[in-house]
Amino acid sequence: MGPDMATAMLGEDGIHIDMNHLKKGEVNLGTSIMAINFKDGVILGADSRTTTGAYIANRVTDKLTQVHDTIWCCRSGSAADTQAVADIVSYHLGLYGVMNGQDGPTTQTAAALFQELCYENKDQLSAGMIIAGYDKRHGGSVYSIPLGGSLHKQSYAIGGSGSTYIYGYCDANWKEHMTEEEGIKFVKGALGEAIKWDGSSGGVIRMVVLTNRGHERHLYLPDNGYTGPGRARPATT
Amino acid sequence: MTSIGTGYDLSNSVFSPDGRNFQVEYAVKAVESGGTCIGIRTKHGVVLACEKIISSKLLKPGCNKRISTVDRSAGIVTSGLLPDGRHLTSRGRDEASSWRQTYKAPIPLSSLASRLGGYVQAYTLYSSVRPFGVTAILGGWDSEAESGVDGQVGNGPAAGAGGKVDDPSVKRGGPALYMIEPSGLYWGYYGAATGKGRQAAKAELEKLDLNSPDCALSLKDAVLEAARIIYVAHEDSKDKEFELELTWISALDGPTKGRHEHVPKELLEEAEKHAKKSLEGDDEDEDDDEMEE
Amino acid sequence: MFRNNYDNDSVTFSPQGRIFQVEYAQEAVKQGSVVVGLVSKTHVVLTAVKRNAEELSSYQKKIVGVDDHLGVALAGLASDARVLSNFMKQQSLASKLSYGRPIPVERVVNMIGDRAQSSTQHYGKRPYGVGLLVGGVDDLGPHLFEFSPSGLTQEMLACAIGARSQMARTYLERHLDKFADCSREELIKHGLLALKESLAQDKELTVDNTSLAVIGVGSKEGKRRVENFKMYDGQEVGPLLEANVETSGTGEGEGDAMETDS
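Set out below in structure tokens:
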């Protein structure tokens, strides 16, 4: 297993990072993920590489997971753990939606559920997640839940092993209240750098744009230097 | 069809041949003799009021409160068997706090009413329990504040959330009033009344035109009206002394700052005075408000 | 065998919305000997008449100390009262452990109220057959609560429950206005006199059949101080009886005047 772990945990001495916290052969999302607020909502972005040690188990993974109509999450860490957590949250939000009338769950609701799961089970999970969503009451919002299960509301959030390489890029290029085009350019630029420098990130760049129009997927391939094809599916509400 | 002597009314959760659960109907009877309780919902907030019959001179005045707070911005008052009311209230508090634990936010009143309605309903399903001998009025104000997830760190972009719509159809908090019956049935109300004097109280509530969009009742007016209505409803049992209990909930920028609380002593006294005066006024003239203090 | 079809258990409402089993349990309270409680601004006093099963047997326990700041007087099934007072002792101790302070009186009273309520709503349980007067002090001063088998708990200024307690209540109502400003001694006096009102004609209060307990708040050198639960039983009641109640004059508090209460 390579030094590819955004999800690496501190060892018992509290100093050295435990590079082998995943079980032997466990599928890891050695990853670059991010989500940002922009003028009309939020954009989530991710690379598509999944590794098992040095082996690329999947080069076109989808790390952007829908948990409700316009509430999505970016997953990093153990693929199994994050899928399970997202499945549970998705169930709760679905139930919330039918039990509590027309308003439906907000991104806050989702973030609270994710946090509860990640915090209460922190000893057994290796899951670093970014929650981003759009709801009519609050507009777009981005939450980050790193390894210990704390909850951070942010303008934008980056995560995964690849994120370590783009703190500078993001800090230099971030602007609040960007247009959709600017937002996409920002995410693409940041993830492009992360993929370039991080050995365990790679493949395509996927994005999801959440606004009052619903969700919209974007795809950018390495073949053409991440210029296209771009918007992959028409807006749905 | 009569209930008595058929045997169908001896156990909870048993249907009679015409599809009734008599034990639930009998539970309603327990409510019908309880002190009158009312709730008024206005644009500016909610008022709960109850008539507390003084069953003994030895009771400590001003104590033994009957309207309780179940969450910061939700109150509940019950009519009927008092201990059952305490049971339901404590369940309400449990629901509110468990919601907070899961969703890290206050429970919307509609959900609280739904949870409590479900709880009460469950006590009509089994022969091993009896239904609740209470009708509960639940009042609250869903916060309009942009509050975050409890315990979150940070506040997101300084520019604010992107793409927020100023659509008036999007509900951003507001007043709510529900009444839950022993069957578990519940409805939302503009004005609700239960207990012994409910008929008179309902008649008075209807006069307030609470469901009209241009009802001009202020929250303070609602407090005064609530007091008056309790006094009117008490007319039929005039021989018994009673204490008036009043609570209210306003918006964040209102007098209670979004919290459910008992009205301040001065306002309570003013409301009592207003109520007594308007009753005296009733005897001669309908004109209630213009008299000298 | 039954008076009607609706009084077999506590999970059946009568057509009038009454629960007979609970009402019958309340009758059990009236079978117990009388207990009286009253509060002033500084003290709460509990008094009780004890019975003995036969002349040579001991007298029953009517007042139980729960904690330094809390005590109960009971009328009805003593074993039910023991369950409840043990529960209160546990809760009081738990409160001290968790919060480092004595449990507020109303809170512990509500706890037994909730417990009693649940046994009126679930099949297979029976209501408690005991009434309690709970006296105690907390940050808000002295309190007296009445607990009844229905689970109803009410804060009172003064109260009497048990056999022939109406006479005591009449006494209490008549003197109600005075209690608030009573000194410790005066409050004890009223407690004993109210108790005496409820005695049968040929009975009187003796050192053997009278129990009394006092809890109070006072201030010492400007600091609030709780006057711990103090029970007066046996010979200790003698001086109190002599000072406050006319007795038929066995002077030394001898047991001659005592009678078997059956």
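Top to bottom, those sequences are chains A, D and B. Each residue of the first sequence is one higher than the one before, counting from 1 in full-length UniProt numbering. Each residue of the second sequence is one higher than the one before, counting from 1 in full-length UniProt numbering. Each residue of the third sequence is one higher than the one before, counting from 1 in full-length UniProt numbering. Where is the CB? At the ideal position from N, CA and C, for every residue including glycine. All of these numbers come straight from a predicted model, not from anything done at the bench.
Proximity test, Cβ basis, 9 Å: A74(D) and chain A: no
Any idea which residues DSSP pairs E193(A) with across the strands? For E193(A), which the question treats as bridged, DSSP gives no partner whatsoever.
Taking only three categories from DSSP, how would you classify V14(D)? coil
The stretch 206-218 of chain B touching the stretch 84-101 of chain D, judged by at least three CB pairs closer than 8 Å: no
Taking just the CA atoms, how far does D9(D) sit from Y171(B)? 44 Å
Selected residue, minimal CA-CA separation from V134(D), among L208(D), R86(D), L58(D), A251(D): R86(D)
Just mark R75(A) as buried or exposed, buried being the case when its beta carbon has 16 or more other beta carbons within 10 Å. buried
Under the three-state DSSP convention, the category I215(B) falls into: strand
Look up N244(B) in the DSSP assignment and say whether it is helix, strand or coil. helix
Whole beta strand (DSSP E) runs in the stretch 164-235 of chain B with 3 or more residues, listed along the chain? 210-220, 223-232
Is T47(B) close to chain D, meaning its C-beta is less than 9 Å from at least one C-beta of that chain? no
Opening and closing residue of the beta strand (DSSP E) in which A57(A) lies: 55-58
Rounded to whole angstroms, what is the Cα-Cα separation between D103(A) and M178(A)? 28 Å
Hey, how far is the Cα of A79(A) from the Cα of A105(D)? 29 Å
R41(D) to S212(D) span [Cα, whole Å]: 12 Å
Since D80(B) and Y6(B) are thought to touch, with beta carbons under 8 Å apart, how far apart are those beta carbons, to the nearest angstrom? The pair is not a contact, with the Cβ atoms about 23 Å apart (cut-off 8 Å).
Minimum C-alpha distance to A213(B) - residue among S33(B), T47(B), K125(B), L38(B): T47(B)
Anyone know if the C-beta pair for A168(B) and E197(B) falls short of 9 Å? yes
Helix or strand or just coil, what does DSSP make of I229(D)? helix
Whose CA, out of D67(B), R107(B), E242(B), lies closest to the CA of M231(B)? D67(B)
Smallest Cα separation from V187(A): which of S90(A), G53(A), L93(A), G45(A)? G45(A)
Assigned exposure category for N155(D) - 16 Cβ within 10 Å defines buried: exposed
Grab the span of the beta strand (DSSP E) containing Y178(D) for me, first residue to last. 174-180
Would you call P157(D) buried or exposed, if buried means 16 or more other Cβ atoms sit within 10 Å of its Cβ? buried
Could you give the distance in angstroms between the alpha-carbon of A200(D) and the alpha-carbon of R164(B)? 39 Å
Against A111(A), what residues of chain D qualify as contacts under a CB-to-CB distance less than 7 Å, listed in chain order? V149
On the three-state DSSP scale, how would you describe G39(D)? strand
Give a yes or no on whether the minimum CB-CB distance between E176(A) and chain D is below 9 Å. yes
Option in T194(D), P168(D), L82(D) with minimal Cα separation from S178(D): One detail in the question is off: residue 178(D) reads as Tyr in this sequence, not Ser. That would be T194(D), whose Cα lies nearest to the Cα of Y178(D).
Does the separation of the CB atoms of A111(A) and S141(A) fall below 9 Å? yes
Taking only the alpha-carbon atoms, compute the straight-line gap between G139(A) and E182(A) and give it to the nearest angstrom. 18 Å
Taking the alpha carbon of T2(D) as the reference point, which residue from N12(D), S13(D), R20(D) has its own alpha carbon closest? R20(D)
Report the three-state DSSP secondary structure of Y126(D) (helix, strand or coil). coil
By DSSP's criteria, Y134(A) is part of a beta bridge. Which residues make up the other side? G140(A)
Are three or more beta carbon pairs between the stretch 22-31 of chain B and the stretch 145-157 of chain B nearer than 8 Å? yes
Taking a cut of 9 Å between CB atoms, which residues from the stretch 1-15 of chain D lie near chain B? S3, I4, G5, G7, D9, L10, S11, N12
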